[in-house]
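Participant:
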Amino acid sequence: MATRQVSVTIDEELLDFVDRHSNNRSAAIAAALRLWQDHLWQQQMEAEFARLAALHSPDEEAAAQEASQISQWSQAVTDA
């Protein structure tokens, strides 16, 4: 897995919250960034699958059902 260094700006109030609820600020922020990255990945996958479903299914209801199933699958993968 490739890694890269990123720089983020975090609100002081949020840092205070992290410090109150975590013993390791860096680990908490890293975990939050991973969750954010997973969320973005999930949104991209859902959008792409919905687009593909619409292209391959002339029936809008069937396409919506397929997109919903894909969204549920994507959520299950993200939660794992």
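Going by the numbering used here, the first residue of the sequence shown is number 6, and it counts up by one from there. Heads up, the beta-carbon is just placed ideally off N, CA and C, and yes, glycines get one too.
#1: I'd like to know whether the C-beta atoms of S76 and E51 end up nearer to each other than 8 angstroms.
#2: Taking its Cβ as the centre, do 16 or more other Cβ atoms sit within 10 Å of A72, making it buried, or is it exposed?
#3: For I15, which of L38, N28, A7 has the nearest alpha-carbon?
#4: Span of the alpha helix (DSSP H) holding V97?
#5: Relative to the C-alpha of Q42, which residue among A68, V11, E65 is closest?
#6: According to DSSP, is D64 helix, strand or coil?
Facilitator: Working from what's here:
#1: As a working mapping, residue 76 is identified with position 71 in the sequence shown. As a working mapping, residue 51 is identified with position 46 in the sequence shown. Cβ distance < 8 angstroms, so S76 and E51 count as in contact.
#2: In the sequence shown, the residue the question calls residue 72 occupies position 67. So A72 ends up on the buried side.
#3: Position 10 of the sequence shown, counted from the first residue, corresponds to residue 15. Nearest option by C-alpha distance: L38.
#4: This structure gives no information on residue 97, because the portion of the chain shown stretches from 6 to 85.
#5: Taking the first residue of the sequence shown as 1, we reach residue 42 at position 37. Closest option to Q42, Cα to Cα, is V11.
#6: Indexing the sequence shown from 1 puts residue 64 at position 59. Note: D64 maps to coil in three-state DSSP.
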